[in-house]
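Enquirer: To start, I am sharing the structure in question, which I have written as C-alpha cells.
Protein chains: 2
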Amino acid sequence: MAQLIADKRDIDFVLHEQLEVGTEYKGGSYAEFNRKTIDMIIGEARNLGIKEMLPLQKVGDDGCTFDAGTVTVPEGFKHVYDLYCEGEWLAMSDDPDWGGQGLPHAVSMAANEYFYGSCNAFMLYNMLSHGAAKLIESYGTEAQKKQVLKKMFSGQWSGTMLLTEPEAGSDVGALTTVATKNGDGTYSISGSKIFISGGEQNMVENIIHPVLARLEDAPAGTRGISLFMVPKYRINEDGSLGEFNDVVCTGIEEKMGLHGNCTCSLTLGGKGQCIGTLLGEENKGMAAMFQMMNEARQMVGLQGFACATASYIHALNYARERVQTKGLTDPAGSTPVSIINHPDVKRQLLIMKSYVDGMRSLIYFGGLCHDKIAMSEDADERSQYSLLLEVLTPIIKGYITDKAFEVCSHGIQVYGGYGYVEEFPVAQLLRDSRIFMIYEGTNGIQSMDLLGRKLGMKKGKPFMDFLETIHRTIDKAKEVPEVAPLAESLQAFFTRYTEVTAAISKAAMSDKVLDAYAYSHPLLEVTGDLTMAWMLLWRATVAAPLVDKKKKDAAFYKGQITTARFFINTMLPSAMGKMDAIQTCDGAVTAMDDAGFGGK
Amino acid sequence: MAQLIADKRDIDFVLHEQLEVGTEYKGGSYAEFNRKTIDMIIGEARNLGIKEMLPLQKVGDDGCTFDAGTVTVPEGFKHVYDLYCEGEWLAMSDDPDWGGQGLPHAVSMAANEYFYGSCNAFMLYNMLSHGAAKLIESYGTEAQKKQVLKKMFSGQWSGTMLLTEPEAGSDVGALTTVATKNGDGTYSISGSKIFISGGEQNMVENIIHPVLARLEDAPAGTRGISLFMVPKYRINEDGSLGEFNDVVCTGIEEKMGLHGNCTCSLTLGGKGQCIGTLLGEENKGMAAMFQMMNEARQMVGLQGFACATASYIHALNYARERVQTKGLTDPAGSTPVSIINHPDVKRQLLIMKSYVDGMRSLIYFGGLCHDKIAMSEDADERSQYSLLLEVLTPIIKGYITDKAFEVCSHGIQVYGGYGYVEEFPVAQLLRDSRIFMIYEGTNGIQSMDLLGRKLGMKKGKPFMDFLETIHRTIDKAKEVPEVAPLAESLQAFFTRYTEVTAAISKAAMSDKVLDAYAYSHPLLEVTGDLTMAWMLLWRATVAAPLVDKKKKDAAFYKGQITTARFFINTMLPSAMGKMDAIQTCDGAVTAMDDAGFGGK
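Protein chains in written order, with the UniProt record's numbering: chain A, 1 to 600; chain B, 1 to 600.
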C-alpha cells in the first residue's frame with residue numbers, strides 16, 4: 001500500500017537498524033522500550049496523524065478568525081486537539097511526575113514525524129505549549145510548577161513564547177516591554193508583542209505566556225532582560241481561574257502559509273492590569289530563553305523535515321501514477337510510461353529522497369542524543385552529548401529548513417502544473433515550510449551561531465568530537481566493499497572540510513571578520529552537506545550486508561546504497577567547489593558600498 | 001529617491017552603455033530611436049506601470065470570480081487594461097501595418113520590465129493575446145489576419161493558447177481534442193482543455209483561441225496535430241460579433257499565486273456548435289505552436305526576471321530602512337545599524353543583485369537579437385541571430401525562472417518575519433514566480449531541449465557561436481586591468497565548460513543516454529551560471545574605465561565591478577564543482593530501482 005506523509009519502512013530502518021535504539025535502551029531507564037513497544041507507539045501516532053490530523057491540513061489552510069480580541073481556530077482543530085491530549089502525546093517524552101509519558105526522544109521524533117507531517121499548523125500550538133512548559137519546569141519555583149505544569153503537559157492549558165516586538169526581532173536586546181515590581185512578589189507587565197504563535201485561541205481554558213521584559217532599572221541590551229510567567233487568566237490559590245489578566249489580542253497576521261496557526265499581536269497591561277511572576281533570576285531571562293530556543297530550534301528542524309517528507313511521499317506517489325510520454329530509450333511509437341521513469345523526474349525524486357533520508361537520520365539521532373543524556377549516569381557523557389547537540393542545532397534548524405524548502409519546491413515541480421494548483425497538497429507544503437527558515441532565529445543567525453560560537457566553543461572540543469563521530473562512520477564504511485569507494489570520496493570531502501573550517505575560523509578572529517561572516521551561511525551549507533553525506537553513508541554501510549541476507553527487502557537496502565552514491569557523487573562536488581570559495585574568502589561583500597547596490 | 005520595482009539607472013546602463021542600442025540602431029530601420037526617444041518611451045511605461053499596474057498587484061491576489069461560465073477579473077483590471085490598450089502597448093514592437101508600434105525589442109523589454117514587475121497576473125492576459133496574434137500573423141491566411149489581427153493587437157479582442165489536456169501536459173502528442181471537416185472549409189471542434197490562462201474573462205468583447213486538435217484521420221502523436229483558430233463568438237463577414245461559438249468555461253483553478261490571472265478549463269463543442277478554421281497546414285500544428293512557444297518561453301523568462309527585480313528592490317529598500325543590532329565590528333554598546341550592513345544580509349542582497357543584473361542584461365540582449373533580425377538585410381546574419389536566440393531560449397526560460405524563484409526567496413529572508421506576512425510584497429512575488437518554472441515547458445523540458453537539441457543543432461555551429469560570443473567578452477575584459485583577474489577566472493571556467501559539454505554530448509548519444517539526461521538540468525544550471533558571469537563581466541568591463549571619468553556615478557560603476565567579482569569568486573566555484581559531477585556522469589539515477597524509492 002502506498003504510504004502517506006512518511007515512509008514507515010524507513011522510519012523502522014533508522015530506529016532499529018541504523019541507530020539500533022533497542023540495543024541502546026537495554027539495561028537503562030528506557031529498558032522497557034523494545035522493538036515491539038516502540039512499534040506499537042509509533043503505530044498509534046501514525047493512526048492519529050493520518051486519520052485525524054491529516055484532514056486538518058486543508059481546512060486549516062483557510063485560516064483562523066479574529067474578532068474583537070478572540071481567535072477561533074479552524075473547524076475540527078478542537079476535536080483533534082482533545083484526542084491528542086487524551087492520548088497524552090503533548091508530553092510524551094517528559095517526566096511522569098508532571099504528567100509526562102517518559103518515552104524515549106528518538107521514538108517521539110518518529111511519532112512527531114507523523115503528527116507534523118500531517119498538519120504542521122495544528123502541531124505548532126502543541127510545540128509552543130511544550131516549550132513553555134519545559135521552560136517553567138527548568139526555571140520555575142516549586143510553586144509555579146505546581147500551579148501550571150500538569151495542566152500544561154496535559155494540554156488543558158496551552159503555552160506560548162512572547163519575545164518579538166516590532167522593533168526587536170533578531171535584535172532581542174532592543175525590546176521595550178516593561179516589568180514593574182508590585183512589592184508583593186509579583187510584577188506589572190506593560191508592552192506589545194508580535195508574531196506570537198497561538199497567542200490567543202479557543203481550544204483551551206487558559207494560556208500561559210512566558211514573556212521577555214525589562215525591569216525598570218535594568219541594564220541596556222540583552223543583559224537587562226528578565227523572564228516572566230504571565231497567564232491569560234489569573235490563577236486562584238486553589239488552581240481555579242481568576243480574573244482576566246489584561247493580555248489582549250489586537251489582531252492576527254495574514255501569512256503566506258501555516259494559516260491554521262494564528263500569529264497574534266498581544267498587548268499586555270493596556271489597562272494596567274497585567275500581572276506576572278518572575279521565572280528564574282532577574283536579568284537572566286536571555287539564558288533561560290536560549291534553553292527554550294535551543295529545543296525549539298531542533299523542533300523547527302523537525303517541522304521543516306516533516307513538510308519535506310510529506311512532499312516527497314506525495315511526489316513519489318504521483319510520479320508512479322502519472323503516465324506521460326514514452327521512455328527516452330524506448331523505440332518510437334511505444335506506449336507512454338510513468339513519469340518516475342524519466343531521468344529528470346527521477347533525479348528530482350532522488351534529490352528529495354537523499355535529503356529526506358538524511359534529515360530523518362539526523363533528527364532521530366538528535367533524539368537519541370537526548371536519550372543518552374537522560375539515560376547516562378556519567379556527567380561527562382551527559383555533557384558530551386549535550387555539547388554535540390549544541391553543535392548539531394544550527395544544522396538541524398538552519399540547514400534542514402533550507403533544504404526542506406528546496407525539497408518542497410521539487411515536490412511541486414514533479415507534479416508539473418498540478419503542483420501549482422491548491423487542490424493538490426504540495427503547494428501548501430511549500431508555503432507552510434517557508435517560515436521555518438525564519439522563526440526561532442533566522443537561518444542567517446543559525447549560520448553565525450555555527451561560525452561564531454559552535455566551531456570554537458570550549459576550545460573547539462565539541463566540534464572536534466562532532467567531526468570524530470563522522471569519521472568513525474567513514475572508517476567503518478571503508479571496510480564494507482560495496483560502499484568503500486563512497487567512503488573514500490567522503491574522506492576527501494571531510495579532509496577538505498577540516499582545512500576550510502580552520503581557515504574561516506581563523507579569518508573570523510582576524511581583521512577579516514566581516515569577510516568571514518559573509519561566508520557563514522555557505523559554511524552552514526557545506527556543514528549540512530557533510531552531515532547529510534555522513535548519515536547516508538552510515539545508512540548504506542548498514543544496508544550493504546543485508547541486500548543478500550534479507551531478500552524481501554533487497555530493493556530497499558539497495559536503494560540505501562544508491563541514494564548515498566547519488567548524494568556523494570552528484571551533490572557533494574558542488575559543495576566541494578563551494579568550499580574553495582569559502583577558503584578564498586574573497587572580500588567582495590565587504591567591499592560593496594551601499595550606493596553600489598543601486599536602487600536610488 | 002528610492003526606486004520601486006526596477007532600477008532605472010541600471011536599465012539605462014544596459015541599454016545605452018552595455019548594449020549601446022543607439023549605436024546599433026543608427027542608419028537602420030530603427031534609426032529614429034535615439035537615446036532621447038527611448039528614454040521617453042521607457043519613462044511612459046514606468047509611469048503606467050508604477051501608477052496604474054502596481055496597485056493591481058495586491059487586489060489581484062484576491063483572485064478572479066467564476067460564476068456559471070463567466071469569469072470576472074479583479075476590481076480595477078479593466079480600467080488599467082483600457083489605459084494599456086489606449087497607449088498601444090500590447091503590440092509595441094509589432095508591424096505598424098497591423099496596428100503595431102514598431103518599437104525595437106530591446107526597448108520593449110525595458111518597458112515590459114516595469115509592466116510585469118508591477119503586476120505579472122495582469123500582464124499575462126496581454127502576453128497570451130500577443131502570442132496568439134503573432135501565431136495568426138505567421139500562419140494565418142490573409143482573410144484570417146484581416147478578420148482578427150488589428151483587433152487583437154489593439155487589445156479589443158484577446159487571445160489565448162489551448163494546448164494542455166488532463167492527460168496531455170508535457171506530452172502534447174497525447175491530446176485527444178478532435179476536429180471534423182464540415183466541408184465548407186471550417187471544422188467542428190470537440191474536446192476539453194485545461195490550464196488556459198485568460199481562457200474566459202470580462203475585459204474584452206471576444207477571445208480568439210488558437211487550439212491544438214487532431215483531425216479524425218490524423219496519425220498518432222505529435223505528427224497528427226493541427227492548429228485551429230477558434231473564436232469565443234463567431235465573427236460575421238462585416239467583422240461584427242455573431243453567435244456564441246460553444247466554448248464554455250467550466251471552472252477556474254485555485255492556485256498558489258498569480259491569482260489575478262484566471263486559469264480556465266474550457267469545453268469546446270459540448271453542444272456540437274464549436275466552429276474553427278485551420279491555421280497553417282493540416283498536421284503541422286506542432287511546428288506552428290513551437291514558434292509561438294519559443295517567443296512565449298522568452299517572455300516567461302522575463303516574467304520570472306520581473307518578479308526577481310521587484311523582490312530585489314523591495315528587499316534593498318527594506319534592508320536600508322530596517323535598523324536592527326549593532327554592527328559586527330563596532331565596539332560594544334554602540335547604536336544599531338541598518339541591516340544592509342550585516343554581512344549575511346549584504347551577501348543575500350549581492351546574490352539577488354548579481355542574478356537580477358545578469359538576467360536584465362541577458363533579456364535585453366535577447367531583445368537586441370530580435371532587433372538585429374528585424375534590421376538586417378543579410379539572410380545569413382538573420383539566421384545567425386535567430387539561432388543564437390534558439391540557444392539562449394532554454395537559458396532564458398529555464399535558468400532565469402529557477403533563479404528568479406531563489407531571488408524571491410532571498411527577498412523574503414531579508415525581510416525576516418515580515419517577509420512571511422502578506423501585508424508586505426515579497427511573499428506574493430515568491431508565490432507568483434513559482435509557476436514560471438513549470439508552464440511553457442517545465443524547466444526539466446528546457447534542460448532536455450538544451451542537451452538534446454540546442455547543443456548539437458546544425459552540427460553544433462550555433463552553440464559554438466554562442467560560446468564564441470562569450471569568449472569575445474572574456475578577451476576584451478583581459479585587456480582592462482581592473483577586471484583582468486576576473487576574466488582569467490572566467491576563462492578557466494569557460495575552458496572547463498567546453499570540456500564538460502563535449503563529454504555530456506557524447507554520453508547523450510551513447511548507451512549512457514539515460515545517465516546523461518539525469519544531468520541535463522545540472523547542465524542547464526552551469527550553462528546559466530556561465531551566461532550570468534558573461535553578462536556581469538561584460539558590465540564590469542564597460543564600467544571599469546568610467547569609475548574615474550564619471551565621478552557622479554562612481555559608486556554605480558564600482559558596484560558593477562564588485563558584483564562581477566562576487567559572482568565569479570563566490571558563486572562560480574560551486575558551479576565548477578558541479579561540472580565535475582556532470583563530467584563524471586555517475587549512473588546512480590539510472591541504477592535506482594522504482595522499489596528503491598520506498599514509500600510502499
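No residue lacks a Cβ here, since even glycine has one placed at the ideal position from N, Cα and C.
In whole angstroms, what is the alpha-carbon distance linking His314/A and Cys85/A?
Expert: Your numbering for residue 314/A matches position 314 in the first sequence. Your numbering for residue 85/A matches position 85 in the first sequence. Cα to Cα, the separation comes out at about 28 Å.
Enquirer: Taking 6 Å as the limit between beta carbons, can you name the residues of its chain near Met92/B, skipping five residues before and five after?
Expert: Start at 1 with the first residue of the second sequence, and residue 92/B comes out as number 92. Around Met92/B: Gln101, Leu103 and Ser108.
Enquirer: For His16/B and chain A, any beta-carbon pair shorter than 8 Å?
Expert: Within the second sequence, the letter at position 16 stands for residue 16/B. No, His16/B does not count as interfacial toward chain A.
Enquirer: Given a limit of 9 Å on CB to CB distance, which residues of the UniProt domain "Acyl-CoA oxidase/dehydrogenase middle" (161-268) of chain A reach chain B?
Expert: The residues in question are Thr164, Glu167, Ala168, Gly169, Ser170, Asp171, Gly173, Ala174, Ile194, Phe195, Ala220, Gly221, Glu253, Glu254, Lys255, Met256, Gly257, Leu258 and Thr263.
Enquirer: Alpha carbons only, please: which of Gly185/B, Lys551/B, Gly419/B and Leu268/B is nearest the one belonging to Leu278/B?
Expert: Stepping through the second sequence from its first residue, residue 278/B is reached at position 278. When only C-alpha atoms are compared, the closest one is Gly185/B.
Enquirer: Nearest to Trp538/A by CA position, among Thr584/A, Glu295/A and Arg360/A, is which residue?
Expert: The residue you call residue 538/A lines up with position 538 of the first sequence. For Trp538/A, the nearest C-alpha among the options comes from Arg360/A.
Enquirer: Helix, strand or coil for residue 603/B per DSSP?
Expert: One cannot answer for residue 603/B here, as it falls past the ends of chain B, which runs 1 to 600.
Enquirer: Hey, Cys369/A and Leu389/A: beta-carbon distance below 8 Å or not?
Expert: Your numbering for residue 369/A matches position 369 in the first sequence. Your numbering for residue 389/A matches position 389 in the first sequence. Yes; because the gap between Cβ atoms is below 8 Å, this pair is in contact.
Enquirer: Starting from Lys578/B, find everything on chain A with Cβ-Cβ shorter than 8 Å and list it in chain order.
Expert: Taking the second sequence and counting its residues from 1, one reaches residue 578/B at position 578. Within 8 Å Cβ-Cβ: Pro573, Ser574 and Gly577.
Enquirer: Please state whether the Cβ-Cβ distance between Gln3/B and Gly587/A is less than 8 Å.
Expert: As a working note, residue 3/B is residue 3 in the second sequence. As a working note, residue 587/A is residue 587 in the first sequence. It is not a contact, given that the beta carbons lie outside the stated cut-off.
Enquirer: Restricting to Cα atoms, I'd like to know which of Ser505/B, Glu75/B and Ser354/B is closest to Gln583/B.
Expert: Taking the first residue of the second sequence as 1, we reach residue 583/B at position 583. Comparing Cα positions, the closest option is Ser505/B.
Enquirer: Quick one, which residues of the stretch 43-63 of chain A are near chain B if we go by CB-CB under 8 Å, in chain order?
Expert: Those residues of the stretch 43-63 of chain A that come within reach of chain B (Cβ to Cβ, closer than 8 Å) do not exist; the list is empty.
Enquirer: Tell me the DSSP secondary structure of Leu388/A in three-state form.
Expert: Indexing the first sequence from 1 puts residue 388/A at position 388. In this structure, Leu388/A counts as helix in the three-state DSSP scheme.
Enquirer: Below 8 Å, how does it come out for the stretch 170-177 of chain A and the stretch 311-325 of chain A: are there three or more Cβ pairs, yes or no?
Expert: Contact between the stretch 170-177 of chain A and the stretch 311-325 of chain A is absent, because fewer than three Cβ pairs lie under 8 Å.
Enquirer: Kindly list, in the order they appear in chain B, the residues whose Cβ is closer than 9 Å to that of Lys558/A.
Expert: Residue numbering aside, residue 558/A sits at position 558 when the first sequence is read from its first letter. Within chain B, the residues near Lys558/A are Ala591, Met592, Asp593, Ala595 and Gly596.
Enquirer: Between the stretch 395-407 of chain A and the stretch 441-450 of chain A, are three or more C-beta pairs nearer than 8 Å?
Expert: Yes: at least three Cβ pairs fall under 8 Å.
Enquirer: Among Lys478/A, Leu486/A, Leu523/A and Glu482/A, which residue has its Cα nearest to the Cα of Glu499/A?
Expert: As a first step, residue 499/A must be located in the first sequence, where it is residue number 499. Considering only alpha carbons, the answer is Leu523/A.
Enquirer: Report yes if the C-beta distance between Ser190/A and Glu282/A is below 8 Å; otherwise report no.
Expert: As a first step, residue 190/A must be located in the first sequence, where it is residue number 190. As a first step, residue 282/A must be located in the first sequence, where it is residue number 282. Contact: no.
Enquirer: In terms of alpha-carbon separation, which member of Cys262/B, Gly260/B, Gln298/B and Gly159/B lies closest to Lys232/B?
Expert: Taking the first residue of the second sequence as 1, we reach residue 232/B at position 232. Closest option to Lys232/B, Cα to Cα, is Gly159/B.
Enquirer: Tell me whether the beta-carbon of Val483/A lies closer than 8 Å to the beta-carbon of Ala555/A.
Expert: Looking up residue 483/A in the first sequence gives position 483. Looking up residue 555/A in the first sequence gives position 555. It is not a contact, given that the beta carbons lie outside the stated cut-off.
Enquirer: Pull up the distance between the alpha-carbon of residue 604/B and that of Tyr418/A, whole angstroms please.
Expert: Lying outside 1 to 600, the shown extent of chain B, residue 604/B is not represented and no answer is given.
Enquirer: Within the stretch 514-591 of chain A, note down every full alpha helix (DSSP H) run reaching 4 residues or more, in order along the chain.
Expert: List check, alpha helix (DSSP H) in window: 520-543, 546-549, 554-566, 572-584 and 588-591.
Enquirer: Would Ala111/B pass as a contact of Ile42/B if the rule is Cβ separation under 8 Å?
Expert: Start at 1 with the first residue of the second sequence, and residue 111/B comes out as number 111. Start at 1 with the first residue of the second sequence, and residue 42/B comes out as number 42. Their beta carbons are under 8 Å apart, which means Ala111/B touches Ile42/B by this criterion.
Enquirer: Between Asp402/B, Ile194/B and Tyr420/B, which has its C-alpha nearest Met437/B's C-alpha?
Expert: Taking the first residue of the second sequence as position 1, residue 437/B is located at position 437. If we check each option's Cα against that of Met437/B, Asp402/B comes out closest.
Enquirer: Please state whether the Cβ-Cβ distance between Gly169/B and Gly416/A is less than 8 Å.
Expert: The count along the second sequence starts at 1 and reaches residue 169/B at position 169. The count along the first sequence starts at 1 and reaches residue 416/A at position 416. Yes, Cβ-Cβ distance for Gly169/B and Gly416/A is below 8 Å.
Enquirer: With a threshold of 8 Å between beta-carbons, can residue 607/A be considered close to chain B, or not?
Expert: Look at the range of chain A in this structure, 1 to 600, and you will see that residue 607/A is not part of it.
Enquirer: Are Leu450/B and Ser386/B close, meaning C-beta to C-beta below 8 Å?
Expert: Residue numbering aside, residue 450/B sits at position 450 when the second sequence is read from its first letter. Residue numbering aside, residue 386/B sits at position 386 when the second sequence is read from its first letter. It is not a contact, given that the beta carbons lie outside the stated cut-off.
Enquirer: Closer than 6 Å by C-beta to Glu243/B: which residues in its own chain qualify, once you throw out the five before and the five after it? Chain order, please.
Expert: Here residue 243/B corresponds to residue number 243 of the second sequence, with the count starting at 1. Cβ neighbours of Glu243/B beyond the five flanking positions: Arg234.
Enquirer: Does Glu422/B have its Cβ less than 8 Å from a Cβ in chain A?
Expert: Along the second sequence, read from residue 1 onward, the residue named residue 422/B stands at position 422. It does; some Cβ of chain A falls within 8 Å.
Enquirer: Select from Lys58/B, Ala106/B, Asp95/B and Arg9/B the residue whose C-alpha is nearest the C-alpha of Asn34/B.
Expert: Reading the second sequence from its first residue, position 34 is the one you call residue 34/B. When only C-alpha atoms are compared, the closest one is Ala106/B.
Enquirer: Quick check on Leu258/A: does DSSP put it in helix, strand or coil?
Expert: Counting from 1 along the first sequence, the entry for residue 258/A is found at position 258. Note: Leu258/A maps to coil in three-state DSSP.
Enquirer: Taking contact to mean 3 or more Cβ pairs, one atom from each stretch, closer than 8 Å, check whether the stretch 261-279 of chain B and the stretch 130-141 of chain B are in contact.
Expert: Touching, yes.
Enquirer: If we count the other Cβ atoms within 10 Å of its Cβ and call it buried at 16 or more, is Thr562/A buried or exposed?
Expert: Taking the first residue of the first sequence as 1, we reach residue 562/A at position 562. The residue is buried, with at least 16 neighbouring Cβ atoms inside 10 Å.
Enquirer: If we require 4 or more residues per run, which alpha helix (DSSP H) segments fall completely within the stretch 395-434 of chain B?
Expert: List check, alpha helix (DSSP H) in window: 400-415 and 426-433.
Enquirer: Do Leu268/A and Cys249/A have their CB atoms nearer than 8 Å?
Expert: Looking up residue 268/A in the first sequence gives position 268. Looking up residue 249/A in the first sequence gives position 249. Contact: no.
Enquirer: Which stretch, first to last residue, makes up the beta strand (DSSP E) that contains residue 607/A?
Expert: Here chain A comprises residues numbered 1 to 600, so residue 607/A is not present and cannot be evaluated.
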